[in-house]
Amino acid sequence: NAGVTQTPKFQVLKTGQSMTLQCAQDMNHEYMSWYRQDPGMGLRLIHYSVGAGITDQGEVPNGYNVSRSTTEDFPLRLLSAAPSQTSVYFCASSRDSGNQPQHFGDGTRLSIL
Amino acid sequence: GESVGLHLPTLSVQEGDNSIINCAYSNSASDYFIWYKQESGKGPQFIIDIRSNMDKRQGQRVTVLLNKTVKHLSLQIAATQPGDSAVYFCAEILPSQDTGRRALTFGSGTRLQVQP
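Below, the structure written as structure tokens:
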């Protein structure tokens with residue numbers, strides 16, 4: 004198993020551009036989530052999904068969209084990139100939403116100029 | 002290199018000593034807690050978890066203690082090794098406000114530096 008795979012690993016955007024961060028897992032996990040990690044802030048939850056077709060907002064959802072058309076994939080879309088969205092983005096998955104540890108990808112490092 | 006964690010509290014220990022990393026959690030309704038280790042340039046890696054019906058849980062070289070009275074969690078690492086150098090995060094499961102779905106909330110982390 005590859006686990007949780009995130010692409011791209013690095014990306015530089017200009018303000019106002021849009022893009023999609025990809026996340027795929029091959030563990031047949033129902034629960035997937037996106038976090039952003041900023042210096043001194045820990046990880047903050049952006050959006051999450053408890054299964055295909057179901058998504059919900061986390062702590063910092065503004066400026067981001069998600070969809071969950073399949074169990075394996077959970078893409079994160081930046082609608083109009085802003086410098087405040089410069090961060091490291093992590094995708095995670097777990098067997099269910101409640102009582103299982105999450106498995107993380109290695110992150111996408113995103114810079115908005 | 003990784004810029005995350007520039008302002009994190011740092012614990013510096015000698016190789017072979019025991020390390021204790023502390024975490025205060027926010028919600029008395031949280032009933033599941035996890036410790037993660039994050040090395041530079043990597044995603045968080047699961048270390049150990051504990052449920053609220055327990056006070057202590059042991060793994061290989063690691064022990065987690067839970068004090069629900071004061072909402073405090075600690076991670077003890079025995080015989081700390083240079084490979085243990087990383088940022089450590091505690092995380093709690095909070096019930097969702099709307100639907101009962103459960104979301105993971107992370108603390109801000111502690112950097113562990115192991116001196117050879």
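First to last, the sequence lines map onto chains A and B.
Heads up, the first sequence is in this note's numbering, so the first residue is 4 and it goes up one at a time.
Heads up, the second sequence is in this note's numbering, so the first residue is 2 and it goes up one at a time.
Just so it is clear, CB atoms sit at the ideal spot from N, CA and C, and this is done for glycine as well.
Check: Length of the line joining the Cα atoms of Gly108 (chain B) and Ala95 (chain A); Outcome: 16 angstroms
Check: Where the beta strand (DSSP E) through Gln103 (chain A) begins and ends; Outcome: Here Gln103 (chain A) belongs to no beta strand (DSSP E), and DSSP marks it neither H nor E.
Check: Cβ contact (3+ pairs, closer than 8 angstroms) linking the stretch 22 to 34 of chain A and the stretch 16 to 28 of chain B; Outcome: no
Check: First through last residue of the beta strand (DSSP E) which encompasses Gln20 (chain A); Outcome: Taken as a continuous stretch (DSSP letters only), Gln20 (chain A) belongs to no beta strand (DSSP E), as it is neither H nor E.
Check: Pick from A:Thr10, A:Ala5 and A:Ser21 that is closest to Ala85 (chain A), judged by C-alpha positions; Outcome: A:Ser21
Check: Contact between the stretch 85 to 96 of chain B and the stretch 30 to 42 of chain B (3+ Cβ pairs under 8 angstroms); Outcome: yes
Check: Buried/exposed call for Ala5 (chain A), threshold 16 Cβ in 10 Å; Outcome: exposed
Check: Short CB-CB distance (under 8 angstroms) between Arg51 (chain B) and chain A; Outcome: The question names Arg, but residue 51 (chain B) in the sequence shown is Ile. False, the Cβ-Cβ gap to chain A never drops below 8 angstroms.
Check: Members of the stretch 41 to 71 of chain A near chain B, C-beta cut-off 7 angstroms; Outcome: Pro42, Gly43, Met44, Gly45, Leu46, Leu48, Tyr51, Val53, Asp59 and Gly61
Check: Cβ-based neighbour list, Ser4 (chain B), same chain, cut-off 6 angstroms, excluding 5 preceding and 5 following; Outcome: Any reading at Ser4 (chain B) is ruled out, since the residue's pLDDT is 34, under 50, leaving its predicted position unreliable.
Check: Below-8 angstroms beta-carbon distance, Thr106 (chain B) vs any chain A residue; Outcome: yes
Check: Any C-beta of chain A under 8 angstroms from that of Phe90 (chain B); Outcome: yes
Check: Residues of its chain near Gly54 (chain A), where Cβ-Cβ distance is below 6 angstroms and the 5 sequence neighbours each way are ignored; Outcome: Glu33
Check: Within-8 angstroms CB hit, Val5 (chain B) to chain A; Outcome: Summary for Val5 (chain B): the model assigns pLDDT 36, below 50, so the residue's position carries little reliability; its value from the coordinates is reported in the next sentence. True, the Cβ-Cβ gap to chain A drops below 8 angstroms.
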